[in-house]
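In terms of my numbering, the sequence shown is residues 620 to 900. By construction, the Cβ of each residue, glycine as well, lies at the ideal position given by its N, Cα and C atoms.
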Amino acid sequence: MSIIEIKNVSKSFGEKVALDDVSLSIDEGTIFGLLGPNGAGKSTLIRIINRITIASAGTVFFNGHPITDDDVSKIGYLPEERGLYRKMKVGDQAMYLAQLKGMSSRDAAVELKKWFKKFEIQDWWNKKVEELSKGMAQKLQFITTVVHKPKLMILDEPFSGFDPVNAELIRSEILRLRDEGATVILSTHNMESVEALCDNIALINKSRLVITGGTDEIRHRYGEDNVEIEYSEGVERRNLVVSRADVNATLSDLIGKGVTINSFKEVIPRMNDIFIKLVQE
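Here it is as structure tokens:
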């Protein structure tokens, strides 16, 4: 079942077309990668889903009905443009944002304390936001995005500014939340994270939808039908890439030369290569 359906959505700012007749569907309980170069229209689409901006044409459906302001309370949104009240205490800031999403003071305190402990920032509850490092501030914003257990989370560049350890922590939490039933829209330029996390993707370029589908299916679709052969010649290991049509002849030739065939496998392009190819085209 789709939690979000975007049907023929367009948005113009004067003569500037930000989105041009975009349609796509996001299934419940999945991680959906929203990809595209800077200025492609991704942020505009995210703002339309959150009802920050109203579409010039088309409709966004949430659980089968046109999305309303009440539905937005069921969304957790982490914008790329981070923003916290620097003079507030960390705990007060977190409580304020949690209660804006409809949590009671008691429930917010209980859930926030759990998250603060998990992210190892519990000692910062009574310190001011301006004292936080960039990484700690980003942890706080991630926590306040998900603490009310939203059905849909929209995360715009959630790994920006994190070291590898903390980036992996965020990835693990995103997967756990997905496994518990949440749906995630992930907007990122980190193609490794797309391959590791996303079930489906959509690529937007120059305001239009270029491609959408399953991540694995798209990677196989854009393969060039090549096979990589790994073999040993004496003590040296070598790799050779050939077309699928030439595999049998190549294997026979190598075996005839007395080499040891270790493995052969289909060459599947990386999402990064597909992204570059589609955007340049």
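Item                                                                                                                                                                 : Value
Do you know whose CA, among I622, L719, S642 and E624, lies nearest S826's CA?                                                                                       : S642
On the three-pair Cβ rule with 8 Å, is the region 796-804 touching the region 762-772?                                                                               : yes
Where do the N-terminal and C-terminal ends of the beta strand (DSSP E) with I671 fall, by residue?                                                                  : It is not in any beta strand (DSSP E) - I671 carries neither H nor E in the DSSP assignment.
Please give the ranges of any alpha helix (DSSP H) in the region 692-771, keeping only runs that are unbroken, at least 4 residues long and fully inside the region. : 709-719, 724-737 and 753-765
Roughly how many whole angstroms lie between the Cα atoms of P656 and T879?                                                                                          : 44 Å
Could you tell me whether the region 782-802 touches the region 676-691, where touching means 3 or more Cβ pairs closer than 8 Å?                                    : no
As an exercise, report each continuous alpha helix (DSSP H) stretch of at least 4 residues that is fully enclosed by the region 766-811, in chain order.             : 783-798
Could you give the distance in angstroms between the alpha-carbon of N669 and the alpha-carbon of I694?                                                              : 8 Å
If you draw a straight line from the alpha carbon of R705 to that of I848, how long is it in whole angstroms?                                                        : 56 Å
For T831, count the other beta carbons within 10 Å of its own beta carbon; 16 or more makes it buried, fewer makes it exposed. Which is it?                          : buried
Can you list the alpha helix (DSSP H) stretches of 4 or more residues lying completely in the region 628-683, in chain order?                                        : 661-668
Return helix, strand or coil for T879, following the three-state DSSP convention.                                                                                    : strand
Spatial neighbours of E776 within its chain, please: C-beta separation below 6 Å, excluding the five flanking residues on both sides.                                : E699 and T807
On the three-state DSSP scale, how would you describe E852?                                                                                                          : strand
By the 10 Å Cβ neighbour count, where 16 or more other Cβ atoms means buried, how is T834 classified, buried or exposed?                                             : buried
Give me the residue from I895, S723, L638 and G800 with the minimum Cα distance to I622.                                                                             : G800
Which same chain residues, not among the five before or five after V898, have their C-beta less than 7 Å away from its C-beta?                                       : P656 and N824
Does the distance from the C-beta atom of V886 to that of V866 stay below 8 Å?                                                                                       : no
Does S871 come out as helix, strand or coil in the three-state DSSP assignment?                                                                                      : helix
Less than 8 Å between the beta carbons of L703 and I820, yes or no?                                                                                                  : no
Kindly indicate the opening and closing residues of the beta strand (DSSP E) around T831.                                                                            : R827 to G833
On a CA-only basis, which of G842, D892 and K708 is nearest K884? Give me that one, please.                                                                          : G842
Pull up the CB-CB distance for A637 and S644, whole angstroms please, since I reckon it's below 8 Å.                                                                 : With 8 Å as the limit, A637 and S644 do not qualify as a contact, their Cβ atoms being about 21 Å apart.
Are the CB atoms of V628 and A659 nearer to each other than 8 Å?                                                                                                     : no
Got a sec? Which residues, its chain only, sit under 7 Å from P888 by beta carbon, not counting five neighbours each side?                                           : R838, Y841 and G842
Let me check understanding here. Comparing Cα to Cα, which of L828, L716 and R856 lies closest to K626?                                                              : L828
So what's R889 in DSSP terms, helix, strand or just coil?                                                                                                            : coil
Contact check, K708 vs K747 under 8 Å by CB: the rounded distance?                                                                                                   : 6 Å
Taking DSSP as the reference, what is the three-state secondary structure of E847?                                                                                   : strand
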